[in-house]
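A.B. asks: To start, I am sharing the structure in question, which I have written as C-alpha cells.
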Amino acid sequence: MADKKFMSMLIGADMNCYTVARAFYEQYGIKSHAFGRWAMGDTMYSKFVDFTQVADIDNPETLLKKVTEFAAANSDATIVVMGCTDDYASLLMDIKDKAPANCVLPYITPELRDKLVNKADFYKLCDKYAMPYPKTFLANSALEAKQLTEEKLAFKYPIIIKPSSSILYWKHSFDGMKKVYVAKTPDEAAKILGEIYASGYPDIVILQDMIPGDDSYMHVLTAYVDKNSKVKMMCMGHVGLEEHTPKALGNHAAIITEYNEHIMNKLKSFLEDIGYTGYANFDIKFDLRDGSYRIFEINLRQGRSNYYVTGAGYNIAKYVVEDRVLGKDLGDCVMNKEEHYWHSVPNGVVYKFVKDKEFVEKAKKLAAAGKETCSFNSPADLRLNPKRFAYYLIHMQRYYKKFKTYYK
2 MADKKFMSML IGADMNCYTV ARAFYEQYGI KSHAFGRWAM GDTMYSKFVD FTQVADIDNP
62 ETLLKKVTEF AAANSDATIV VMGCTDDYAS LLMDIKDKAP ANCVLPYITP ELRDKLVNKA
122 DFYKLCDKYA MPYPKTFLAN SALEAKQLTE EKLAFKYPII IKPSSSILYW KHSFDGMKKV
182 YVAKTPDEAA KILGEIYASG YPDIVILQDM IPGDDSYMHV LTAYVDKNSK VKMMCMGHVG
242 LEEHTPKALG NHAAIITEYN EHIMNKLKSF LEDIGYTGYA NFDIKFDLRD GSYRIFEINL
302 RQGRSNYYVT GAGYNIAKYV VEDRVLGKDL GDCVMNKEEH YWHSVPNGVV YKFVKDKEFV
362 EKAKKLAAAG KETCSFNSPA DLRLNPKRFA YYLIHMQRYY KKFKTYYK
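According to this note's numbering, the sequence shown is numbered sequentially starting from 2.
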C-alpha cells in the first residue's frame, strides 16, 4: 500500500459497488465503506465492503452530510468517493465543490454532465464529432399511433423506446416498467409512450431504429481520463451476452476484451476535447447493414461490468488513486490489446445462451488459459466466509432460471 493514507467511500450496493470495492482490496488491501438506500446481496457478507444503509442518501443534502461526516471521522486520510449508479454519480457531481478538502470526487462539472447525460443532447454532440448513432425520433409527450408511423419516424418497425434521462425515469415507477422497450407497431409505440408519460416522467423519450443483431453485436468501451482531461486508459470489450430481465435488460453478462484503434482514437479525441475527467463508459453496437459502430450512450462513471477492465489488468481503483491521491503522472494513454474473458453469470449460462458460437469457443479457450475472471468468485472473499459462499452459490444458480424465463 502507498505511504499516503487513503480510504474508499462508495455510494451504492450493487455489483458495480462490489467490484469497485474488490479492485480497491486487490490493489491496496483496504476495505471499502459503502452507503446506499438499501442493502443488496451483491455486497452482503463481503470482506471487501462495510455497508451502511441510509434511506435518503439520494437526497443531495443527506449525501453531502454523510460525506462530510465520514471525512471528518477520518481526517488523517484522503477519501476517494465514487458513485456506483447513474443517480449517485450525478449527485456527487452536484456536491463535489462543497465536499471537504480531504475528499476526492473524480467527476465532471454539473454543466458538462447536463450536456452528456441527456441522450437527446448527447446525440447532438455525436453529430458534431461525427460519431455514428442509431436513427432517432424524439417525443416530449404521449402521441397517437398516426403520429408514429414509419413515415413520421423515418425508420422502420420494430423500434426501440427508452427514456432520454434514465435518472428521472426511475423516479417515476409504474407497473410493467422496463429499462428499454421494443415496439412492433405504431399502436404499441403509442401505448408505451402513454404509460411512460402517465407516470409523471417529465423529459424526452427516444424512439430509435433497432439495430439488427443479438447481444453479441454489442460492444463496450471504458476510459479513464485524468484530472487534466487526458485519457490515460482505454479498454474495449465485445459483449457476448446481456441480462434480459425487465429491469436489468442490457446489463452486460459476458465480455471478451478487444482492440479497435479507430473507435478508441475517436472517443479519446472526443473526451479530451470536451474537457472530460474521471471514468467514462460507452455502449456501442455494430450495425451489419453498413459496417458502422453506433454509439448508444455514455455513462459518466465506471460501468456495472467494470471488472472486465480490472480483470484485463487495468485496476479500476489504481487509476483514480495514482492520479487523484498520489498525484502521479500516468504517462501515455494505454489501450488494451489483449483478450480476456469476463462474466458475471455462470459459464454454463454463457456457453448455453450466447448465440455467437465463435464467442463461446474463444471464451472456453481463454478460460482454459487462465485468462478469465468472474465478478463474484474472488477466492479472497469466499475463503472461510460461509455466508458469502452460500450467497454466491444461490445467486449464480438463479441465473439459469432467469435466462430460461426471459431470454428469447
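Cβ atoms here follow ideal geometry from the backbone N, Cα and C, with glycine treated the same way. Only a predicted model underlies this, so the values are computations on that prediction, with no experimental measurement involved.
Apply the 10 Å Cβ neighbour rule to residue 2 and answer buried if 16 or more other Cβ atoms are within range, or exposed otherwise.
C.D. replies: Reading the sequence shown from its first residue, position 1 is the one you call residue 2. Note that residue 2 scores a pLDDT of 45, beneath 50, so its modelled location is shaky; the value from the coordinates is reported in the next line. Counting Cβ neighbours within 10 Å, residue 2 comes out exposed, since fewer than 16 surround it.
A.B. asks: To the nearest angstrom, report how far apart residue 168 and residue 302 are at their CA atoms.
C.D. replies: Position 167 of the sequence shown, counted from the first residue, corresponds to residue 168. Position 301 of the sequence shown, counted from the first residue, corresponds to residue 302. So the alpha carbons of these two residues sit roughly 13 Å apart.
A.B. asks: What are the residues that DSSP puts in a beta bridge with residue 296?
C.D. replies: Translated into positions along the sequence shown, residue 296 becomes position 295. DSSP, once it has assigned bridges, lists 285 as partnering residue 296.
A.B. asks: Comparing C-alpha positions only, which one of 64, 394, 234 and 119 sits nearest to residue 320?
C.D. replies: Indexing the sequence shown from 1 puts residue 320 at position 319. Nearest option by C-alpha distance: 234.
A.B. asks: Quick one: residues in its chain with C-beta nearer than 8 Å to the C-beta of residue 393, no 5 flanking neighbours on either side, listed in chain order?
C.D. replies: One-based indexing of the sequence shown puts residue 393 at position 392. Cβ within range, chain order: 377, 378 and 383.
A.B. asks: According to DSSP, simplified to helix, strand and coil, what is residue 138?
C.D. replies: Residue mapping note: residue 138 aligns to position 137 of the sequence shown, counting from 1. Of the three classes helix, strand and coil, the one that applies to residue 138 here is strand, per DSSP.
A.B. asks: Terminal residues of the continuous alpha helix (DSSP H) containing residue 163?
C.D. replies: On the sequence shown, residue 163 is found 162 positions in, with the first residue counted as 1. Unbroken run through residue 163 is the beta strand (DSSP E), 160-164; no alpha helix (DSSP H).
A.B. asks: Tell me whether residue 372 sits in a helix, a strand or coil according to DSSP, three-state version.
C.D. replies: In the sequence shown, the residue the question calls residue 372 occupies position 371. Residue 372: coil per DSSP, three-state reduction.
A.B. asks: Sort 6, 262, 47 and 154 by Cα distance to residue 294 and report the nearest one.
C.D. replies: As a first step, residue 294 is located in the sequence shown; it is residue number 293 there, counting from the start. The residue with the shortest Cα to Cα distance from residue 294 is 262.
A.B. asks: Would you mind reading off the limits of the beta strand (DSSP E) that contains residue 144?
C.D. replies: By one-based count along the sequence shown, residue 144 stands at place 143. That residue, residue 144, is in no beta strand (DSSP E); it is neither H nor E in DSSP.
A.B. asks: What is the residue span of the alpha helix (DSSP H) that residue 303 lies within?
C.D. replies: Numbered from 1 along the sequence shown, position 302 holds the residue referred to as residue 303. Premise fails: residue 303 is in no alpha helix (DSSP H) and is neither H nor E.
A.B. asks: Mind checking which residues open and close the beta strand (DSSP E) that includes residue 236?
C.D. replies: Working through the sequence shown from its first residue, we reach residue 236 at position 235. Here the beta strand (DSSP E) through residue 236 covers 232-243.
A.B. asks: Which full runs of the alpha helix (DSSP H) of 4+ residues lie inside the region 58-90, going along the chain?
C.D. replies: Listed in chain order, the complete alpha helix (DSSP H) runs (minimum 4 residues) inside the region 58-90 are 61-74.
A.B. asks: Alpha carbon to alpha carbon, how far is residue 122 from residue 249?
C.D. replies: On the sequence shown, residue 122 is found 121 positions in, with the first residue counted as 1. On the sequence shown, residue 249 is found 248 positions in, with the first residue counted as 1. So the two alpha carbons sit approximately 24 Å from each other.
A.B. asks: Report yes if the C-beta distance between residue 237 and residue 212 is below 9 Å; otherwise report no.
C.D. replies: The count along the sequence shown starts at 1 and reaches residue 237 at position 236. The count along the sequence shown starts at 1 and reaches residue 212 at position 211. No; because the gap between Cβ atoms is not below 9 Å, this pair is not in contact.
A.B. asks: Alpha carbon to alpha carbon, how far is residue 32 from residue 8? Give it in angstroms, no decimals.
C.D. replies: Position 7 of the sequence shown, counting from 1, holds the residue named residue 8. Position 31 of the sequence shown, counting from 1, holds the residue named residue 32. Distance between the alpha carbons of residue 8 and residue 32 is about 8 Å.
A.B. asks: Helix, strand or coil for residue 184, going by three-state DSSP, please let me know.
C.D. replies: On the sequence shown, residue 184 is found 183 positions in, with the first residue counted as 1. Reduced to three states, the DSSP call for residue 184 is strand.
A.B. asks: In terms of DSSP beta bridges, what is residue 343 paired with?
C.D. replies: Along the sequence shown, read from residue 1 onward, the residue named residue 343 stands at position 342. In DSSP, residue 343 forms a bridge with 256 and 374.
A.B. asks: List the whole-angstrom C-beta distance separating residue 17 from residue 305, where the pair is believed to meet the contact cut-off of C-beta under 8 Å.
C.D. replies: Sequence index remark: in the sequence shown, residue 17 carries index 16 (1-based). Sequence index remark: in the sequence shown, residue 305 carries index 304 (1-based). Contact holds; Cβ gap of about 5 Å.
A.B. asks: Measure the C-alpha to C-alpha separation of residue 124 and residue 288 and round it to an integer number of angstroms.
C.D. replies: Start at 1 with the first residue of the sequence shown, and residue 124 comes out as number 123. Start at 1 with the first residue of the sequence shown, and residue 288 comes out as number 287. Approximately 17 Å between the Cα atoms of the pair.
A.B. asks: Mind checking which residues open and close the alpha helix (DSSP H) that includes residue 156?
C.D. replies: Counting from 1 along the sequence shown, the entry for residue 156 is found at position 155. Careful: residue 156 lies outside any alpha helix (DSSP H) and carries neither H nor E.
A.B. asks: Excluding the 5 residues flanking residue 221 on each side, which residues of the same chain have their C-beta closer than 8 Å to its C-beta?
C.D. replies: What you label residue 221 is simply residue 220 of the sequence shown in a count that begins at 1. Excluding positions up to five away in sequence, the list reads 237, 238, 240, 253, 256, 282, 283, 284, 285, 304, 306 and 309.
A.B. asks: What residue range is occupied by the uninterrupted alpha helix (DSSP H) comprising residue 264?
C.D. replies: As a first step, residue 264 must be located in the sequence shown, where it is residue number 263. Taken as a continuous stretch (DSSP letters only), the alpha helix (DSSP H) holding residue 264 covers 262-274.
A.B. asks: Where do the N-terminal and C-terminal ends of the alpha helix (DSSP H) with residue 168 fall, by residue?
C.D. replies: One-based indexing of the sequence shown puts residue 168 at position 167. Counting along the chain, the alpha helix (DSSP H) containing residue 168 begins and ends at 167-170.
A.B. asks: Are the region 45-62 and the region 86-98 in contact at 8 Å, needing three or more beta carbon pairs?
C.D. replies: A contact exists between the region 45-62 and the region 86-98.
A.B. asks: If you follow the alpha helix (DSSP H) that residue 207 is part of, which residue opens it and which one closes it?
C.D. replies: Within the sequence shown, residue 207 is the residue found at index 206, counting from 1. It is not in any alpha helix (DSSP H) - residue 207 instead sits in the beta strand (DSSP E) that spans 206-210.
A.B. asks: Residue 314 to residue 338, Cα distance in whole Å?
C.D. replies: By 1-based counting over the sequence shown, the position of residue 314 is 313. By 1-based counting over the sequence shown, the position of residue 338 is 337. Approximately 11 Å between the Cα atoms of the pair.
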